[in-house]
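Number of protein chains: 2
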Amino acid sequence: MEEGDSNNEESHIKATRFRNLPSVTSLSQEELIITTQNDSDLLSSIRRRVQISSEKIETGSLNVLSAKYESLDYDTCENYLLLDEERKKGYKFIVRKSIARWFIFLLIGMITALIACAIDISIEELSQLKYASLSKYVDQYVTQGKLYIPYFLWVLYNIIPVLIGSTLVAYVEPVAAGSGIPQVKCYLNGVKIPRVVRIKTLFVKSVGVVCSVVGGLAGGKEGPMIHSGAVVAAGISQGKSTTFRKDFKILKYFREDHEKRDFVSGGAAAGVSAAFGAPVGGVLFSLEEGTSFWNQSLTWRTFFASVISTFTLNVVLSTYHGVPGDLSYPGLLNLGRFENFSYQIYELPIFLIMGALGGLLGAMWNHINYKLSVFRMRYIRMRWLKVVEACMVAAVSATLGFLMMFMLNDCKPLGQDPTKYPTQLYCQDGQYNVLASIWFQTPEASVRSLFHDPPNTHNAASLTAFVIVYFLLSCWTFGLATSNGLFIPMLLTGAAWGRLIAVGLSLILSDNLLIHPGKYALIGAAAQLGGVVRMTISLTVIIMETTGNISFALPLIITLIAAKWTGDFFNEGIYDIHIQLSGVPLLPWEPPPLVHNIYASEVMSHPVVTLKCVENVGHIVELLKLASYNGFPVVDPPLTDQTEVTTYGRIRGLILRSQLIVILKRKIFNETSDEWDDINVGIFRDAYPRYSTIEQVDVTEEEKTYSIDLRPFMNPSPYTVLHSASLPRMFRLFRALGLRHLPIVNDTNEVIGMVTRKDLARYRVWRHQGRMGVEELLISKEI
Amino acid sequence: MEEGDSNNEESHIKATRFRNLPSVTSLSQEELIITTQNDSDLLSSIRRRVQISSEKIETGSLNVLSAKYESLDYDTCENYLLLDEERKKGYKFIVRKSIARWFIFLLIGMITALIACAIDISIEELSQLKYASLSKYVDQYVTQGKLYIPYFLWVLYNIIPVLIGSTLVAYVEPVAAGSGIPQVKCYLNGVKIPRVVRIKTLFVKSVGVVCSVVGGLAGGKEGPMIHSGAVVAAGISQGKSTTFRKDFKILKYFREDHEKRDFVSGGAAAGVSAAFGAPVGGVLFSLEEGTSFWNQSLTWRTFFASVISTFTLNVVLSTYHGVPGDLSYPGLLNLGRFENFSYQIYELPIFLIMGALGGLLGAMWNHINYKLSVFRMRYIRMRWLKVVEACMVAAVSATLGFLMMFMLNDCKPLGQDPTKYPTQLYCQDGQYNVLASIWFQTPEASVRSLFHDPPNTHNAASLTAFVIVYFLLSCWTFGLATSNGLFIPMLLTGAAWGRLIAVGLSLILSDNLLIHPGKYALIGAAAQLGGVVRMTISLTVIIMETTGNISFALPLIITLIAAKWTGDFFNEGIYDIHIQLSGVPLLPWEPPPLVHNIYASEVMSHPVVTLKCVENVGHIVELLKLASYNGFPVVDPPLTDQTEVTTYGRIRGLILRSQLIVILKRKIFNETSDEWDDINVGIFRDAYPRYSTIEQVDVTEEEKTYSIDLRPFMNPSPYTVLHSASLPRMFRLFRALGLRHLPIVNDTNEVIGMVTRKDLARYRVWRHQGRMGVEELLISKEI
């Protein structure tokens, strides 16, 4: 089932035999596999591709697509059963469905927020315990010269939670590793990533993120919150829980890929909204990362879920902070409120340069992380090794932090400090160690400090050391077998070097110009994050919303444009690098340029397995076992019996593997089932989304001689294009309508090939060092 | 040319003759029009539709589509010439084009903002002169009992600018009337509204809006600013000015509907951004109103233009306000900064009720305005009558304002009042007349007052009177032959009744609950505006941005959902009502529900005029003269010569009327032109967008015997669907890809019909009073 649409050499070659067989009834498998001479032409193109892809694929290649990913079906199958249902239901049903939809979005917003609250509060409470104890022990043992005691304690405090978190991730649910944003992005793009929206993933992700943040890793909780939102949406919208034995009738109409994907985009938005308090940013995130076409009502519902999410979060957190009901409490903004900042026009070029610097640093970060990921793919394959690596990073994080506060004795007077646990260390009485205050809190709190601490809180040396250490540490952390995102570490790195630039500028410029370091920290943070993730409009709006500052749009947009362009000169965004590493066939926004001369006949994979309108059961079963395809054109086979057949017959419809399996399981055979009353579109919804495999279907030998009329089940008018259609034309059709299969027909409307997502995703534009071109990727089963 | 795609009875019937003619060389027109018997079948369907539409259409019907609107071509014509150009240009060209695109968006943002500044400052300066003088005269003559003098002065001050404005609109450019938002919405939806993006329209619009606001009409400047942005974008992007005799080479590649529409969406966003200081809202506006699919890079550029627009506006206006360079100056937000507001959870139900009230009032407003518009369509058809009506409204506005401040003696002590010209009237010394302060300023300033004036500034009686008067006045004003929008009047009406509710609430509730009237004014304003325009996410964000308050998202979204749902129960939004009144075939976001059983064979208009690959010149000329179609399938005609032909032959491509005209004008005939070097895709760009009509093309009798090879020019692989495709399936294809023509083919890929925008827009869902259904609209040439 998870094997993909095409490019399975063996089954390809086997499957291609069928198209010449008149009406196979009970041929044995051996008979089916006999190779005839005149198939050689048809096979040439597959052979070519198979030859290429059977070359040894180098680990970590970015130019290979994995054959294992399937597409989601966004196109509605308008078969007879659906029409039948429509006739029966009428408009009242449409209204009820619409109300149910709104209600689900309300629930998505609320539950996502509640999960976010649980994560938030757990992290805050546990971190407070941890850092209060550490701060106390440092000051207690420093006088005795026994600093190794708090150091080991710190290492221990880091390793224990990380051990729990990484064990969960490595052994229970590996797809919960990392931020989850690449996975959500792929899902919204239309790629089915196995297990990404399961409830188990949600559990591991939530516990894992608390563990890794409390464990002091250089990671944030934002990415996981977005992923949580997506899982919540996918879960709730299906209205079926095996755990609670509950099946909401009305919700069963949402059991299809189309509806589910719409809900997931709402959930992702609610997640962003909960993570950053940015409802508009959430909507834009889910548009930017996923949706291929703008739909007013979906966007409006998504926005509703986002707003409900922020609202619920604020109600709970304002109660937690002791100001119940005060929803305008600025502490609810994660990064603190930027209010009285303004910028001057002469500062814009500085922001531009900072953006470019961010792009440069981001590209460097991405490159290091890429190399590291390749190393991990090669050598850290065992589960226990992954856990060990995570614990090692936790220990090193503690060690580096300890060394910094030990060696750089940056002291500032108490009083102007926002930290909860000022640590004195070697400072004089009435002073506190600045670096301890950065390290002895969550990364998020440190970002807040760097944004809002008064000028001169941090000196240049400690900032420089911190930037270098945190840059490398965050790079090492991303990709570990732990659940954590990179928004906060990148903001922290950027804020630190932004503040460093402010320190430098105030030295260079005359004193009467006030350089507010917080402003530069914000720009630096945006630049660094933008340089790494390369998001555009949603990132701008998220930063605007999370700092409560609307008038800062221009500096942010200038910074982010500069960061994106500089970074794109060297490599892709970090999410795209990881997506390419796993070989996911993501479709970009637009077709590659200058490929109007590539035609459907070149792009399509062309031995196609077709079915007749009324087909023999045994034939279908054999086909499903041999071919790994997921969609089969239904055709009128060509009348002529000549040996050189180049087409598969006139197209009548398209049927999916999942539909065939449901039909076989329900035994809807012409010979046995007279009652059509029980058969409705619901039988497919009941089986969604975990269809049986063909091996799980029992068909007796007698039943194999029966036949199935596919016409009531198939999609009777799939989108098709002529063999002379260009690549961009197919691409736009695919992207705009969310297709999974696109049959290619000849001049007389006879099927000659099939285009799937992978066939289109293979043509990719590259754009490095100012040059540009189109490359053709390989498709491999190895990665 | 402007006649539309189909449904021209006469030319239909004539044109249909051609398909049986082998290769017409020089048949006279009489010969072509002879009716043969066996065409009767083919004609039956047109006859039916023509009969329907030749019924007398009642003026003001909302169920008729006009035949006069054409579609834009969003689909790229991938002909031989384009491929040729691509081969020659290479990737460097793509990069240069991308840079040019960014530069154009920069210019769009800047110029839109500068025009907005000019409008803003003109209105402010002229209004100050007007109201300062009026205020002075009132206080001067009130003691003498000669109040008729300032009254007549006021009427005069109103009538003169309105006379100028409405004369310009009525006589120079009628398309500049109203807010322009419906027109921009249609353009972005893909409908070509004649003259809507011309430079003359921009001029009339800009001068007109200054005149009508200074003339004291109940209208705002926001809608016209959005329209201005759209015109600026369309103008700049074409890089060709006949006035300045300048032709930027690189920009000529943007001379096609696809690119132009993208730029216009950026321009509309920049317009919103300039009008409200809402860059994010601008982007969302242009997405919500227009774009059918989300494109990351286009949206990012749009956002850039929006931000540049706000920035430029702020730079100019901060200088004008005497605080140059201070871009965070709150005076730059049109509606003032809402800062220290917070809401309590128990207030949310109140907001919900206010939203419903807004929806109710909005629906009522829309209904009155609809009736008024129908009246205008029937009786106010002469230009001078339109001017007279506008002047009358101006006089009545002054009269009502005068009566109100004369009769309701609402006095408040001086000092807490934000108005510039406090008018004493009958008040005691040290007090001022509150109603005079509302009337003696621009509506925008009045909204600001109602939002931010301290509690108890206005008493209940004066607010009630003001709401009633302004509600009716704004309703009368919208639809006049003047350039003005309805955002500000609706905000003003809503703010007034919102404040009224706050007054009521503070009476009912105990005193210790502080009911801040400004907050209720804001909610009321959102409710009223939402109830009238029924916009969703963009309106929420615009209000959030224009008041500088991010945490108010939830109250706003609750209010707007309630307003939209309540309003939608009764009628459509005001823009949609006006669009329906003009019979524009707008395509909604989604296909109507439950129409999967309507098939392409029923929807298509089916005598199609087809051409052969190599076609006779005389034939083409006659065809273009007789048929009003804009797209012609190119086919291999059926080989059989039998009389009962049901298809037009196998499809080979699609060619547009505009392409044929360019080919004829350039005389690219097989017999005469050997040199293909001069012929490139540029010849079509040079003629864009004002193609000649067929009457302007000179073809000699000898040339009529020549032939044209259409293959290098036609689109060789247009999207087609089978006759069995359902309406939703065609709709999605059309909407997502921005098509103009969709040939319908039979099982063997032979053309049997054609679907255009009007054929799809005819099926419309209605949803009133809780019921729902699908209706089929008429298509008429009368409106």
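Protein chains in written order, with the UniProt record's numbering: chain A, 1 to 783; chain B, 1 to 783.
Heads up, the beta-carbon is just placed ideally off N, CA and C, and yes, glycines get one too.
So, with DSSP's three-state summary, where would you put His741 (chain B)?
strand
Pair within 8 Å by beta-carbon distance, Trp681 (chain B) and Glu85 (chain B):
Looking at the sequence shown, residue 681 (chain B) is not Trp but Val. Contact: yes.
Cβ atoms of Val396 (chain A) and Ala595 (chain A): under 8 Å apart, would you say?
The sequence shown places Val at residue 595 (chain A), rather than the Ala named in the question. Result no, Cβ atoms of Val595 (chain A) and Val396 (chain A) do not sit closer than 8 Å.
Unbroken alpha helix (DSSP H) run spanning Thr319 (chain B), endpoints:
Gln296 to Tyr320
Of the residues A:Ala270, A:Leu408, A:Val316 and A:Asp429, the one placed nearest Ile438 (chain A), counting alpha carbons only
A:Leu408
Using the beta-carbon count (16 or more within 10 Å), is Gln344 (chain A) buried or exposed?
exposed
Would you kindly check if the distance between the Cβ of Gly271 (chain B) and the Cβ of Ser237 (chain B) is under 8 Å?
no
So what does DSSP say about Trp384 (chain A), is it helix, strand or coil?
helix
Nearest to Val617 (chain A) by alpha carbon, out of A:Thr610, A:Val533, A:Glu703 and A:Ile543?
A:Glu703
For Arg690 (chain B), which three-state DSSP category applies?
coil
Where does Val751 (chain A) fall in DSSP's three states?
strand
Using the beta-carbon of each residue, which ones in chain B are nearer than 7 Å to Gly548 (chain A)?
Ile550
On the three-state DSSP scale, how would you describe Thr16 (chain A)?
For Thr16 (chain A), the predicted structure reports a pLDDT of 34, less than 50, and the residue's modelled location is therefore unreliable. A value from the coordinates is still provided. Note: Thr16 (chain A) maps to helix in three-state DSSP.
Rounded to whole angstroms, what's the CA-CA distance from Pro592 (chain B) to Ala526 (chain B)? Just pull it up for me.
29 Å
Run down chain B in chain order and give the residues with a C-beta less than 7 Å from the C-beta of Glu78 (chain A).
His596, Ser726 and Arg729
Along chain A, which residues have their Cβ under 7 Å away from the Cβ of Glu288 (chain B)?
Gln296
Where Asp453 (chain A) sits in the DSSP three-state scheme:
coil
Selection from B:Ile694, B:Val584 and B:Thr748 that minimises the alpha carbon distance to Leu65 (chain B):
B:Val584
Is DSSP giving Glu572 (chain A) helix, strand or coil here?
coil
Leu509 (chain A) versus Lys136 (chain B): straight-line alpha-carbon distance, rounded:
52 Å
Using a Cβ cut-off of 8 Å (strictly closer), state whether Arg650 (chain B) contacts chain A.
yes
With a threshold of 6 Å on Cβ separation, who are the neighbours of Phe684 (chain A) within its own chain once the five nearest residues in sequence on each side are excluded?
Val662
Between the Cα of Gly524 (chain A) and the Cα atoms of A:Glu256, A:Phe375, A:Ala562 and A:Val541, which residue gives the shortest distance?
A:Ala562
Enumerated in chain order, which unbroken segments of the beta strand (DSSP E) with a length of 3 residues or greater are wholly contained in the region 625 to 669 of chain A?
631 to 636 and 650 to 656
For the candidate residues B:Val635, B:Asp686, B:Leu737 and B:Asn715, whose alpha-carbon lies nearest to that of Glu256 (chain B)?
B:Asp686
Would you list, in chain order, the members of the region 601 to 625 of chain A that have their beta-carbon closer than 7 Å to a beta-carbon of chain B?
none
Ser437 (chain B) CB to nearest chain A CB: under 8 Å?
no
Does any residue of chain B have a CB that is nearer than 8 Å to the CB of Ser45 (chain A)?
Note that Ser45 (chain A) scores 37 on pLDDT, short of 50, meaning its location in the model is unreliable and no value can be drawn from it.
What does DSSP give as the partner residue(s) for Trp766 (chain B) in the beta ladder?
B:Gly773
Using 8 Å as the cut-off, can you tell me whether the region 203 to 215 of chain A makes contact with the region 183 to 193 of chain A, which would need three or more C-beta pairs spanning the two stretches below that distance?
no
Could you tell me which chain B residues have their CB closer than 7 Å to the CB of Arg732 (chain A), listed as they occur along the chain?
Leu737
Take Val745 (chain B) and list the residues in its own chain whose beta-carbon comes closer than 8 Å to its own, dropping the five residues that flank it on each side.
Ile651, Thr720, Val721, Leu722, His723, Val751 and Ile752
The alpha helix (DSSP H) that contains Asn369 (chain B), what's its start and end?
Leu348 to Tyr379
Got a sec: is the Cβ-Cβ distance from Glu775 (chain B) to anything in chain A below 8 Å?
no
To the nearest angstrom, how far is it from the Cα of residue 805 (chain B) to the Cα of Thr700 (chain B)?
Since the displayed chain B opens at 1 and closes at 783, residue 805 (chain B) lies outside it and no answer follows.
Give the secondary structure of Pro224 (chain B) by DSSP, where H, G and I count as helix, E and B as strand, and everything else as coil.
helix
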